[in-house]
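Novice: Quick one: this structure, given as C-alpha coordinates, is what I'll be asking you about.
In mature numbering (1 follows the signal peptide of the UniProt record, and there is no 0), the protein residues as written are -23 to -1, 1 to 433.
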(Lines of atoms letter the chains of each structure in order from A and count residues from 1; the text may use other names and numbers.)
(Lines give C-alpha, C1' and ligand atoms only; values in the text may rest on other atoms or scores of the structure.)
Protein backbone atom coordinates (compact mmCIF):
# COMPACT_ATOMS: atom_id res chain seq x y z
CA UNK A 1 0.00 0.00 0.00
CA UNK A 2 2.83 2.43 0.86
CA UNK A 3 4.47 1.69 -2.49
CA UNK A 4 1.20 2.34 -4.34
CA UNK A 5 0.67 5.62 -2.50
CA UNK A 6 4.20 6.72 -3.30
CA UNK A 7 3.74 5.91 -6.98
CA UNK A 8 0.39 7.73 -7.07
CA UNK A 9 1.91 10.81 -5.42
CA UNK A 10 4.79 10.82 -7.90
CA UNK A 11 2.41 10.58 -10.86
CA UNK A 12 0.25 13.40 -9.56
CA UNK A 13 3.29 15.65 -9.07
CA UNK A 14 4.57 14.87 -12.55
CA UNK A 15 1.18 15.63 -14.10
CA UNK A 16 0.92 18.99 -12.33
CA UNK A 17 4.35 20.30 -13.23
CA UNK A 18 5.69 18.77 -16.43
CA UNK A 19 3.24 16.90 -18.59
CA UNK A 20 -0.35 18.06 -18.05
CA UNK A 21 -1.85 16.10 -20.92
CA UNK A 22 -0.07 12.86 -21.74
CA UNK A 23 2.91 10.81 -20.67
CA UNK A 24 6.39 11.84 -21.83
CA UNK A 25 6.72 8.78 -24.05
CA UNK A 26 3.89 9.95 -26.32
CA UNK A 27 4.28 13.70 -26.10
CA UNK A 28 1.79 16.21 -24.72
CA UNK A 29 -1.39 17.74 -26.09
CA UNK A 30 -2.87 20.51 -23.99
CA UNK A 31 -6.05 22.55 -24.56
CA UNK A 32 -7.76 25.11 -22.39
CA UNK A 33 -8.74 28.75 -22.02
CA UNK A 34 -6.80 31.82 -21.05
CA UNK A 35 -8.15 34.33 -18.54
CA UNK A 36 -9.30 36.46 -21.51
CA UNK A 37 -11.57 33.65 -22.68
CA UNK A 38 -9.39 32.78 -25.67
CA UNK A 39 -8.88 29.08 -26.32
CA UNK A 40 -5.35 27.75 -26.64
CA UNK A 41 -3.80 24.55 -27.94
CA UNK A 42 -0.30 23.16 -27.37
CA UNK A 43 1.42 20.13 -28.85
CA UNK A 44 4.83 19.11 -27.53
CA UNK A 45 6.47 16.00 -28.99
CA UNK A 46 8.20 13.48 -26.77
CA UNK A 47 11.57 14.38 -28.29
CA UNK A 48 11.17 18.16 -28.22
CA UNK A 49 14.04 19.85 -30.05
CA UNK A 50 13.85 22.98 -27.90
CA UNK A 51 12.14 25.23 -30.48
CA UNK A 52 8.60 26.48 -29.94
CA UNK A 53 6.54 27.92 -32.79
CA UNK A 54 3.82 30.41 -31.83
CA UNK A 55 1.26 30.36 -34.64
CA UNK A 56 -1.13 33.27 -35.31
CA UNK A 57 -4.17 32.31 -37.36
CA UNK A 58 -5.94 34.31 -40.05
CA UNK A 59 -9.02 36.51 -39.94
CA UNK A 60 -12.15 34.91 -38.49
CA UNK A 61 -15.37 36.90 -39.13
CA UNK A 62 -17.70 37.83 -36.31
CA UNK A 63 -20.06 34.96 -35.56
CA UNK A 64 -17.83 32.31 -37.13
CA UNK A 65 -16.34 29.41 -35.16
CA UNK A 66 -13.16 30.48 -33.40
CA UNK A 67 -11.04 27.48 -32.44
CA UNK A 68 -7.46 27.70 -31.27
CA UNK A 69 -4.90 26.88 -33.97
CA UNK A 70 -1.21 26.08 -33.72
CA UNK A 71 -0.28 25.41 -37.36
CA UNK A 72 -1.44 26.45 -40.84
CA UNK A 73 -2.63 22.93 -41.67
CA UNK A 74 -2.56 19.33 -40.54
CA UNK A 75 0.19 18.26 -42.94
CA UNK A 76 2.59 20.93 -41.71
CA UNK A 77 1.61 20.26 -38.11
CA UNK A 78 2.27 16.53 -38.34
CA UNK A 79 5.60 17.02 -40.11
CA UNK A 80 6.81 19.59 -37.59
CA UNK A 81 5.82 17.46 -34.60
CA UNK A 82 7.68 14.54 -36.16
CA UNK A 83 10.72 16.82 -36.51
CA UNK A 84 10.56 17.71 -32.81
CA UNK A 85 9.01 21.19 -32.76
CA UNK A 86 6.57 22.34 -30.08
CA UNK A 87 3.51 24.02 -31.60
CA UNK A 88 1.30 26.49 -29.74
CA UNK A 89 -1.36 29.07 -30.55
CA UNK A 90 -4.59 30.69 -29.39
CA UNK A 91 -7.95 31.55 -30.90
CA UNK A 92 -7.75 35.22 -29.75
CA UNK A 93 -10.51 36.29 -27.38
CA UNK A 94 -12.72 37.67 -30.15
CA UNK A 95 -13.25 37.35 -33.89
CA UNK A 96 -12.93 40.15 -36.42
CA UNK A 97 -10.31 42.91 -36.38
CA UNK A 98 -9.02 41.57 -33.08
CA UNK A 99 -5.44 42.88 -33.03
CA UNK A 100 -5.93 44.41 -29.57
CA UNK A 101 -6.83 40.95 -28.22
CA UNK A 102 -4.65 38.80 -30.48
CA UNK A 103 -1.28 40.18 -29.36
CA UNK A 104 -1.79 39.79 -25.58
CA UNK A 105 -3.51 36.43 -26.04
CA UNK A 106 -0.58 35.11 -28.06
CA UNK A 107 1.89 36.37 -25.47
CA UNK A 108 -0.20 34.80 -22.69
CA UNK A 109 -0.14 31.50 -24.57
CA UNK A 110 3.64 31.69 -24.74
CA UNK A 111 3.80 32.49 -21.02
CA UNK A 112 1.63 29.48 -20.22
CA UNK A 113 3.76 27.22 -22.38
CA UNK A 114 6.89 28.32 -20.49
CA UNK A 115 5.11 27.72 -17.21
CA UNK A 116 4.03 24.22 -18.23
CA UNK A 117 7.04 23.00 -20.20
CA UNK A 118 9.95 25.26 -19.35
CA UNK A 119 11.85 27.86 -21.33
CA UNK A 120 12.44 27.15 -25.00
CA UNK A 121 15.90 27.24 -26.55
CA UNK A 122 14.42 29.17 -29.49
CA UNK A 123 11.06 30.90 -29.93
CA UNK A 124 9.69 31.75 -33.37
CA UNK A 125 6.51 33.63 -34.28
CA UNK A 126 4.74 32.66 -37.48
CA UNK A 127 1.30 33.23 -38.97
CA UNK A 128 -0.81 33.42 -42.11
CA UNK A 129 -2.92 36.22 -43.61
CA UNK A 130 -4.24 38.41 -40.79
CA UNK A 131 -2.09 36.20 -38.57
CA UNK A 132 0.92 37.33 -40.59
CA UNK A 133 0.06 40.86 -39.52
CA UNK A 134 -0.24 39.70 -35.90
CA UNK A 135 3.15 38.01 -36.29
CA UNK A 136 4.84 41.19 -37.53
CA UNK A 137 3.22 43.16 -34.71
CA UNK A 138 4.59 40.67 -32.18
CA UNK A 139 8.03 40.85 -33.81
CA UNK A 140 8.11 44.65 -33.76
CA UNK A 141 6.53 45.40 -30.41
CA UNK A 142 7.71 42.41 -28.36
CA UNK A 143 11.04 41.59 -29.95
CA UNK A 144 12.52 40.37 -26.68
CA UNK A 145 10.18 37.39 -26.67
CA UNK A 146 11.22 36.01 -30.06
CA UNK A 147 14.33 34.99 -31.96
CA UNK A 148 12.76 35.40 -35.41
CA UNK A 149 9.47 35.49 -37.31
CA UNK A 150 7.80 34.20 -40.46
CA UNK A 151 4.87 36.10 -41.99
CA UNK A 152 3.01 34.16 -44.68
CA UNK A 153 0.68 36.00 -47.09
CA UNK A 154 0.51 38.62 -44.35
CA UNK A 155 -1.48 41.81 -44.16
CA UNK A 156 1.83 43.57 -43.63
CA UNK A 157 0.71 46.86 -45.18
CA UNK A 158 -1.05 47.43 -41.85
CA UNK A 159 -4.55 48.50 -40.92
CA UNK A 160 -4.81 52.04 -42.28
CA UNK A 161 -3.32 51.12 -45.66
CA UNK A 162 -5.52 48.02 -45.85
CA UNK A 163 -8.77 49.88 -45.32
CA UNK A 164 -7.74 52.71 -47.64
CA UNK A 165 -6.90 50.21 -50.36
CA UNK A 166 -10.19 48.40 -49.79
CA UNK A 167 -12.07 51.69 -50.19
CA UNK A 168 -10.57 52.59 -53.59
CA UNK A 169 -12.18 49.89 -55.78
CA UNK A 170 -15.65 50.25 -54.26
CA UNK A 171 -15.45 54.03 -54.66
CA UNK A 172 -14.70 53.53 -58.36
CA UNK A 173 -17.51 51.00 -58.78
CA UNK A 174 -20.10 53.22 -57.12
CA UNK A 175 -18.98 56.30 -59.05
CA UNK A 176 -18.95 54.63 -62.45
CA UNK A 177 -21.72 52.02 -62.13
CA UNK A 178 -24.13 53.43 -59.54
CA UNK A 179 -23.54 57.19 -59.20
CA UNK A 180 -27.07 57.94 -57.96
CA UNK A 181 -27.53 54.84 -55.81
CA UNK A 182 -26.69 56.41 -52.48
CA UNK A 183 -24.75 53.28 -51.51
CA UNK A 184 -22.76 54.05 -48.37
CA UNK A 185 -19.10 52.99 -48.48
CA UNK A 186 -18.05 53.67 -44.88
CA UNK A 187 -19.37 54.93 -41.56
CA UNK A 188 -21.99 52.20 -41.20
CA UNK A 189 -24.39 52.30 -38.29
CA UNK A 190 -24.50 48.52 -37.97
CA UNK A 191 -23.79 45.22 -39.71
CA UNK A 192 -27.19 45.12 -41.41
CA UNK A 193 -26.56 48.44 -43.16
CA UNK A 194 -23.13 47.29 -44.30
CA UNK A 195 -24.42 44.01 -45.68
CA UNK A 196 -27.27 45.75 -47.50
CA UNK A 197 -24.83 48.22 -49.07
CA UNK A 198 -22.61 45.38 -50.24
CA UNK A 199 -25.54 43.57 -51.81
CA UNK A 200 -26.75 46.71 -53.55
CA UNK A 201 -23.38 47.40 -55.15
CA UNK A 202 -22.91 43.74 -56.04
CA UNK A 203 -26.14 43.80 -58.05
CA UNK A 204 -24.84 46.78 -60.03
CA UNK A 205 -21.56 44.99 -60.68
CA UNK A 206 -23.35 41.83 -61.81
CA UNK A 207 -25.38 43.84 -64.31
CA UNK A 208 -22.30 45.69 -65.54
CA UNK A 209 -20.45 42.43 -66.20
CA UNK A 210 -22.92 41.75 -69.02
CA UNK A 211 -21.64 44.63 -71.17
CA UNK A 212 -18.20 45.50 -72.61
CA UNK A 213 -18.26 48.93 -70.96
CA UNK A 214 -19.22 47.46 -67.60
CA UNK A 215 -16.44 44.90 -67.80
CA UNK A 216 -13.91 47.63 -68.57
CA UNK A 217 -15.03 49.61 -65.52
CA UNK A 218 -14.83 46.55 -63.28
CA UNK A 219 -11.27 46.01 -64.55
CA UNK A 220 -10.47 49.61 -63.62
CA UNK A 221 -11.72 49.03 -60.09
CA UNK A 222 -9.72 45.80 -59.87
CA UNK A 223 -6.59 47.66 -60.97
CA UNK A 224 -6.95 50.13 -58.10
CA UNK A 225 -6.72 47.18 -55.70
CA UNK A 226 -4.12 45.30 -57.79
CA UNK A 227 -6.37 42.24 -58.13
CA UNK A 228 -4.47 39.83 -60.38
CA UNK A 229 -6.01 38.30 -63.49
CA UNK A 230 -5.36 34.79 -62.21
CA UNK A 231 -6.32 34.58 -58.55
CA UNK A 232 -7.87 31.15 -58.01
CA UNK A 233 -6.64 27.69 -59.00
CA UNK A 234 -10.08 26.84 -60.40
CA UNK A 235 -9.79 29.64 -62.97
CA UNK A 236 -8.42 29.48 -66.47
CA UNK A 237 -5.00 31.06 -66.53
CA UNK A 238 -5.02 33.86 -69.12
CA UNK A 239 -2.26 34.04 -71.67
CA UNK A 240 -0.48 37.26 -72.64
CA UNK A 241 -3.04 39.72 -73.97
CA UNK A 242 -6.03 37.55 -72.96
CA UNK A 243 -7.80 40.47 -71.31
CA UNK A 244 -11.21 38.81 -71.47
CA UNK A 245 -10.19 35.88 -69.28
CA UNK A 246 -8.21 38.09 -66.91
CA UNK A 247 -11.17 40.40 -66.43
CA UNK A 248 -13.56 37.50 -65.85
CA UNK A 249 -11.25 36.21 -63.12
CA UNK A 250 -11.02 39.66 -61.56
CA UNK A 251 -14.81 40.01 -61.60
CA UNK A 252 -15.08 36.91 -59.38
CA UNK A 253 -12.60 38.43 -56.94
CA UNK A 254 -14.36 41.81 -56.98
CA UNK A 255 -17.62 40.10 -56.02
CA UNK A 256 -15.83 38.44 -53.12
CA UNK A 257 -14.45 41.79 -52.03
CA UNK A 258 -17.94 43.31 -52.02
CA UNK A 259 -19.56 40.44 -50.19
CA UNK A 260 -17.24 40.47 -47.17
CA UNK A 261 -14.12 42.66 -46.72
CA UNK A 262 -15.29 45.95 -48.22
CA UNK A 263 -18.56 46.12 -46.27
CA UNK A 264 -19.20 43.49 -43.59
CA UNK A 265 -15.62 43.24 -42.33
CA UNK A 266 -15.15 47.00 -42.61
CA UNK A 267 -18.13 47.66 -40.38
CA UNK A 268 -16.76 45.32 -37.73
CA UNK A 269 -13.42 47.14 -37.80
CA UNK A 270 -15.20 50.52 -37.65
CA UNK A 271 -17.10 49.41 -34.56
CA UNK A 272 -13.77 48.83 -32.82
CA UNK A 273 -12.16 52.01 -34.11
CA UNK A 274 -15.15 54.15 -33.16
CA UNK A 275 -15.71 55.38 -36.72
CA UNK A 276 -14.34 55.28 -40.23
CA UNK A 277 -10.52 54.94 -40.30
CA UNK A 278 -10.06 55.36 -44.07
CA UNK A 279 -10.32 58.10 -46.67
CA UNK A 280 -9.72 58.98 -50.31
CA UNK A 281 -9.58 62.75 -50.02
CA UNK A 282 -6.75 64.05 -52.18
CA UNK A 283 -6.22 60.75 -54.00
CA UNK A 284 -5.29 60.98 -57.69
CA UNK A 285 -6.79 57.88 -59.28
CA UNK A 286 -5.29 58.66 -62.69
CA UNK A 287 -1.81 58.44 -61.22
CA UNK A 288 -2.71 55.36 -59.21
CA UNK A 289 -3.93 53.55 -62.33
CA UNK A 290 -0.82 54.57 -64.28
CA UNK A 291 1.34 52.86 -61.62
CA UNK A 292 -0.76 49.69 -61.54
CA UNK A 293 0.60 46.54 -63.23
CA UNK A 294 -2.91 46.17 -64.69
CA UNK A 295 -2.80 49.46 -66.59
CA UNK A 296 -2.38 47.81 -70.01
CA UNK A 297 -5.37 45.53 -69.44
CA UNK A 298 -7.60 48.44 -68.46
CA UNK A 299 -6.63 50.58 -71.44
CA UNK A 300 -7.20 47.71 -73.87
CA UNK A 301 -10.62 46.85 -72.43
CA UNK A 302 -11.71 50.49 -72.58
CA UNK A 303 -10.56 50.64 -76.18
CA UNK A 304 -12.50 47.48 -77.07
CA UNK A 305 -15.62 48.85 -75.36
CA UNK A 306 -15.38 52.19 -77.16
CA UNK A 307 -15.32 54.04 -73.84
CA UNK A 308 -13.18 57.00 -72.87
CA UNK A 309 -10.90 56.10 -69.97
CA UNK A 310 -10.03 59.78 -69.58
CA UNK A 311 -13.72 60.61 -69.10
CA UNK A 312 -14.15 57.97 -66.41
CA UNK A 313 -11.00 59.04 -64.60
CA UNK A 314 -12.27 62.62 -64.68
CA UNK A 315 -15.52 61.40 -63.13
CA UNK A 316 -13.54 59.78 -60.33
CA UNK A 317 -11.64 63.02 -59.84
CA UNK A 318 -14.85 65.06 -59.51
CA UNK A 319 -16.84 62.66 -57.35
CA UNK A 320 -17.39 63.60 -53.68
CA UNK A 321 -14.77 61.92 -51.54
CA UNK A 322 -14.93 59.88 -48.35
CA UNK A 323 -13.40 61.51 -45.29
CA UNK A 324 -12.05 59.64 -42.27
CA UNK A 325 -12.90 60.14 -38.62
CA UNK A 326 -9.65 61.42 -37.03
CA UNK A 327 -10.23 59.52 -33.79
CA UNK A 328 -10.73 56.27 -35.71
CA UNK A 329 -7.52 56.87 -37.65
CA UNK A 330 -5.69 57.40 -34.35
CA UNK A 331 -7.06 54.15 -32.95
CA UNK A 332 -6.04 52.25 -36.08
CA UNK A 333 -2.62 53.90 -36.08
CA UNK A 334 -2.00 53.04 -32.43
CA UNK A 335 -3.14 49.42 -32.69
CA UNK A 336 -2.81 48.32 -36.30
CA UNK A 337 -0.01 50.13 -38.14
CA UNK A 338 3.46 48.63 -38.51
CA UNK A 339 6.77 50.47 -38.18
CA UNK A 340 9.20 48.13 -39.91
CA UNK A 341 11.42 48.31 -36.82
CA UNK A 342 12.66 44.73 -36.58
CA UNK A 343 15.21 43.58 -34.03
CA UNK A 344 15.40 39.97 -35.21
CA UNK A 345 15.25 38.30 -38.64
CA UNK A 346 11.89 38.11 -40.36
CA UNK A 347 11.06 36.20 -43.56
CA UNK A 348 7.88 37.01 -45.49
CA UNK A 349 6.44 34.79 -48.22
CA UNK A 350 3.55 35.62 -50.54
CA UNK A 351 1.78 34.11 -53.54
CA UNK A 352 1.87 36.23 -56.69
CA UNK A 353 -1.84 35.69 -57.47
CA UNK A 354 -3.35 36.86 -54.19
CA UNK A 355 -6.57 38.86 -54.60
CA UNK A 356 -7.44 39.23 -50.91
CA UNK A 357 -4.10 40.65 -49.74
CA UNK A 358 -2.37 41.60 -53.01
CA UNK A 359 1.32 40.83 -53.23
CA UNK A 360 2.10 44.58 -53.34
CA UNK A 361 1.60 44.61 -49.56
CA UNK A 362 5.13 43.24 -49.33
CA UNK A 363 6.55 46.33 -51.02
CA UNK A 364 4.76 48.43 -48.38
CA UNK A 365 6.49 46.53 -45.58
CA UNK A 366 9.88 46.67 -47.27
CA UNK A 367 9.43 50.46 -47.50
CA UNK A 368 8.83 50.63 -43.75
CA UNK A 369 11.70 48.32 -42.85
CA UNK A 370 14.09 50.24 -45.09
CA UNK A 371 13.12 53.58 -43.56
CA UNK A 372 13.57 52.09 -40.08
CA UNK A 373 17.04 50.75 -40.88
CA UNK A 374 15.95 47.11 -40.60
CA UNK A 375 16.12 46.09 -44.27
CA UNK A 376 19.00 43.70 -43.55
CA UNK A 377 16.83 41.72 -41.14
CA UNK A 378 13.97 41.35 -43.62
CA UNK A 379 13.76 38.99 -46.57
CA UNK A 380 10.77 38.37 -48.83
CA UNK A 381 10.19 35.42 -51.13
CA UNK A 382 7.44 34.69 -53.63
CA UNK A 383 5.53 31.62 -54.77
CA UNK A 384 4.17 31.55 -58.33
CA UNK A 385 0.62 30.52 -57.53
CA UNK A 386 -2.94 31.87 -57.67
CA UNK A 387 -4.96 32.39 -54.52
CA UNK A 388 -4.52 33.56 -50.95
CA UNK A 389 -2.10 31.58 -48.78
CA UNK A 390 -2.07 28.67 -51.24
CA UNK A 391 1.37 27.43 -50.25
CA UNK A 392 2.08 23.72 -50.28
CA UNK A 393 3.24 22.16 -47.00
CA UNK A 394 6.71 21.86 -48.53
CA UNK A 395 6.83 25.54 -49.43
CA UNK A 396 5.68 26.50 -45.94
CA UNK A 397 8.26 24.32 -44.19
CA UNK A 398 10.99 25.48 -46.57
CA UNK A 399 10.34 29.06 -45.46
CA UNK A 400 10.49 28.09 -41.80
CA UNK A 401 13.76 26.22 -42.23
CA UNK A 402 15.19 29.13 -44.23
CA UNK A 403 14.51 31.41 -41.27
CA UNK A 404 16.21 28.88 -38.99
CA UNK A 405 19.20 28.78 -41.34
CA UNK A 406 19.52 32.54 -40.97
CA UNK A 407 19.44 32.22 -37.19
CA UNK A 408 21.98 29.38 -37.19
CA UNK A 409 24.49 30.92 -39.61
CA UNK A 410 23.85 34.66 -39.55
CA UNK A 411 23.35 34.59 -43.33
CA UNK A 412 20.22 34.70 -45.45
CA UNK A 413 19.80 32.11 -48.20
CA UNK A 414 16.45 33.00 -49.73
CA UNK A 415 17.15 32.38 -53.39
CA UNK A 416 14.35 30.55 -55.23
CA UNK A 417 16.71 27.66 -55.83
CA UNK A 418 17.51 27.25 -52.15
CA UNK A 419 13.87 27.54 -51.13
CA UNK A 420 12.74 25.08 -53.78
CA UNK A 421 15.44 22.64 -52.72
CA UNK A 422 14.27 22.78 -49.11
CA UNK A 423 10.63 22.45 -50.21
CA UNK A 424 11.44 19.34 -52.24
CA UNK A 425 13.24 17.82 -49.27
CA UNK A 426 10.13 18.33 -47.14
CA UNK A 427 7.60 17.29 -49.79
CA UNK A 428 9.26 15.29 -52.60
CA UNK A 429 5.99 14.55 -54.40
CA UNK A 430 5.00 18.19 -55.00
CA UNK A 431 6.75 20.59 -57.37
CA UNK A 432 7.81 23.75 -55.48
CA UNK A 433 7.07 27.15 -57.05
CA UNK A 434 9.36 29.79 -55.59
CA UNK A 435 10.54 32.20 -58.28
CA UNK A 436 12.46 35.46 -58.71
CA UNK A 437 9.91 38.25 -58.29
CA UNK A 438 9.61 41.83 -57.14
CA UNK A 439 6.14 43.27 -56.58
CA UNK A 440 5.15 46.68 -57.84
CA UNK A 441 4.66 49.58 -55.45
CA UNK A 442 1.74 49.45 -53.01
CA UNK A 443 -0.76 52.16 -54.07
CA UNK A 444 -1.23 53.95 -50.75
CA UNK A 445 1.28 52.86 -48.08
CA UNK A 446 0.93 54.07 -44.50
CA UNK A 447 3.40 53.16 -41.76
CA UNK A 448 4.92 54.58 -38.61
CA UNK A 449 8.31 55.07 -40.26
CA UNK A 450 7.04 57.77 -42.62
CA UNK A 451 5.57 60.81 -40.79
CA UNK A 452 4.90 62.40 -44.18
CA UNK A 453 2.43 59.71 -45.28
CA UNK A 454 -0.83 61.18 -46.54
CA UNK A 455 -3.19 62.12 -43.75
CA UNK A 456 -6.98 62.34 -43.92
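We put the CB at the ideal spot given by N, CA and C, even for glycine.
If we count the other Cβ atoms within 10 Å of its Cβ and call it buried at 16 or more, is residue 422 buried or exposed?
Specialist: Numbered from 1 along the chain shown, position 445 holds the residue referred to as residue 422. The residue in question, residue 422, is buried, as its Cβ has 16 or more Cβ neighbours within 10 Å.
Novice: Closest to residue 244 by CA distance: which of 409, 28, 65 and 169 is it?
Specialist: Within the chain shown, residue 244 is the residue found at index 267, counting from 1. The option with the nearest alpha carbon to residue 244 is 169.
Novice: Between the Cα of residue 150 and the Cα atoms of 8, 412, 290 and 344, which residue gives the shortest distance?
Specialist: Walking along the chain shown from the start, residue 150 turns up at place 173. Among 8, 412, 290 and 344, the Cα nearest to that of residue 150 belongs to 290.
Novice: Name the two residues that bound the continuous alpha helix (DSSP H) containing residue 10.
Specialist: Within the chain shown, residue 10 is the residue found at index 33, counting from 1. Not the alpha helix (DSSP H): residue 10 falls in the beta strand (DSSP E), residues 5 to 10.
Novice: Sort out for me which residues DSSP pairs residue 129 with in a bridge.
Specialist: To locate residue 129, count along the chain shown from 1; it is residue 152. Its beta-bridge partners are 105 and 326.
Novice: Taking only runs of the beta strand (DSSP E) that begin and end inside the segment 56 to 108, which ones reach a length of at least 3 residues, in chain order?
Specialist: 63 to 67 and 99 to 105
Novice: For residue 363, which beta-bridge partners are listed by DSSP?
Specialist: By one-based count along the chain shown, residue 363 stands at place 386. Paired residue(s): 330.
Novice: Looking only at C-alpha atoms, which of 77, 105, 198 and 122 sits nearest to residue 90?
Specialist: In the chain shown, the residue the question calls residue 90 occupies position 113. Minimum Cα-Cα distance from residue 90 among the listed residues 77, 105, 198 and 122 corresponds to 122.
Novice: Using alpha carbons as the reference points, say which of 135, 106, 102 and 130 lies closest to residue 119.
Specialist: Along the chain shown, read from residue 1 onward, the residue named residue 119 stands at position 142. Of the candidates 135, 106, 102 and 130, the one whose C-alpha sits nearest the C-alpha of residue 119 is 102.
Novice: From the DSSP output, which residues share a beta bridge with residue 19?
Specialist: Counting from 1 along the chain shown, the entry for residue 19 is found at position 42. Looking at the DSSP assignment, residue 19 forms a beta bridge with 7 and 65.
Novice: Please state if the CB of residue 323 and the CB of residue 128 are separated by a distance shorter than 8 Å.
Specialist: Within the chain shown, the letter at position 151 stands for residue 128. Within the chain shown, the letter at position 346 stands for residue 323. Yes, Cβ-Cβ distance for residue 128 and residue 323 is below 8 Å.
Novice: For residue 169, which of helix, strand or coil comes out of DSSP?
Specialist: Residue mapping note: residue 169 aligns to position 192 of the chain shown, counting from 1. Of the three classes helix, strand and coil, the one that applies to residue 169 here is helix, per DSSP.
Novice: Identify every residue that forms a DSSP beta bridge with residue 357.
Specialist: Translated into positions along the chain shown, residue 357 becomes position 380. Its beta-bridge partners are 325.
Novice: Comparing alpha-carbon positions, which option in 100, 350, 307 and 309 lies nearest residue 26?
Specialist: Here residue 26 corresponds to residue number 49 of the chain shown, with the count starting at 1. Among 100, 350, 307 and 309, the Cα nearest to that of residue 26 belongs to 100.
Novice: Are the CB atoms of residue 45 and residue 17 nearer to each other than 8 Å?
Specialist: Residue mapping note: residue 45 aligns to position 68 of the chain shown, counting from 1. Residue mapping note: residue 17 aligns to position 40 of the chain shown, counting from 1. In this structure, residue 17 lies closer than 8 Å to residue 45 by Cβ.
Novice: Taking 8 Å as the CB-CB limit, is residue 381 close to chain D?
Specialist: Absence of chain D from the displayed structure is noted, only one protein chain being present.
Novice: In chain order, what residues of the same chain lie with their CB nearer than 6 Å to the CB of residue 155, ignoring the 5 residues before and after it?
Specialist: Position 178 of the chain shown, counted from the start, is the residue given in the question as residue 155. Only 181 meet the Cβ criterion.
Novice: Between the Cα of residue 387 and those of 402, 367 and 355, spot the shortest distance and give me the residue it belongs to.
Specialist: Numbered from 1 along the chain shown, position 410 holds the residue referred to as residue 387. Of 402, 367 and 355, the residue nearest in Cα terms is 355.
Novice: Less than 8 Å separating the beta-carbons of residue 141 and residue 332?
Specialist: Counting from 1 along the chain shown, the entry for residue 141 is found at position 164. Counting from 1 along the chain shown, the entry for residue 332 is found at position 355. Their beta carbons are not under 8 Å apart, which means residue 141 does not touch residue 332 by this criterion.
Novice: Going straight from the alpha carbon of residue 187 to that of residue 305, what length do you get?
Specialist: Within the chain shown, residue 187 is the residue found at index 210, counting from 1. Within the chain shown, residue 305 is the residue found at index 328, counting from 1. Cα to Cα, the separation comes out at about 38 Å.
Novice: Using the rule of at least 16 other Cβ atoms within 10 Å of the residue's Cβ for burial, across every protein chain shown, is residue 166 buried or exposed?
Specialist: Indexing the chain shown from 1 puts residue 166 at position 189. Residue 166 comes out exposed.
Novice: Measure the CB-CB distance between residue 231 and residue 146 and report whether it falls below 8 Å.
Specialist: Reading the chain shown from its first residue, position 254 is the one you call residue 231. Reading the chain shown from its first residue, position 169 is the one you call residue 146. Closer than 8 Å, so yes.
Novice: Would you kindly report the start and end of the unbroken beta strand (DSSP E) that includes residue 31?
Specialist: Position 54 of the chain shown holds residue 31. Counting along the chain, the beta strand (DSSP E) containing residue 31 begins and ends at 28 to 33.
Novice: Which class does residue 423 belong to by DSSP, given the choice of helix, strand or coil?
Specialist: Within the chain shown, numbered from 1, the residue matching residue 423 stands at position 446. In this structure, residue 423 counts as coil in the three-state DSSP scheme.
Novice: Taking the alpha-carbon positions, what's the residue 367 to residue 328 distance?
Specialist: The residue labelled residue 367 in the question sits at position 390 within the chain shown. The residue labelled residue 328 in the question sits at position 351 within the chain shown. Rounded to whole angstroms, residue 367 to residue 328 spans 7 Å at the Cα level.
Novice: Out of curiosity, what's the CA-to-CA distance linking residue 161 and residue 4?
Specialist: The residue given as residue 161 occupies position 184 in the chain shown. The residue given as residue 4 occupies position 27 in the chain shown. Straight-line Cα distance between these residues: approximately 53 Å.
Novice: Can you give the beta carbon distance from residue 70 to residue 13, rounded, assuming they're within the 8 Å contact cut?
Specialist: On the chain shown, position 93 is the one that residue 70 refers to. On the chain shown, position 36 is the one that residue 13 refers to. Contact holds; Cβ gap of about 4 Å.
Novice: What does the alpha-carbon distance come out to for the pair residue 133 and residue 114?
Specialist: Residue numbering aside, residue 133 sits at position 156 when the chain shown is read from its first letter. Residue numbering aside, residue 114 sits at position 137 when the chain shown is read from its first letter. Going by the C-alpha atoms only, they are around 9 Å apart.
Novice: Report yes or no: do three or more beta-carbon pairs, one from the segment 334 to 346 and one from the segment 298 to 317, lie closer than 8 Å?
Specialist: yes
Novice: What are the start and end residues of the alpha helix (DSSP H) that includes residue 289?
Specialist: Taking the chain shown and counting its residues from 1, one reaches residue 289 at position 312. Here the alpha helix (DSSP H) through residue 289 covers 286 to 295.
Novice: Measuring CB atoms only, is the segment 49 to 59 touching the segment 72 to 87, in the sense that at least three cross pairs come out at less than 8 Å?
Specialist: no
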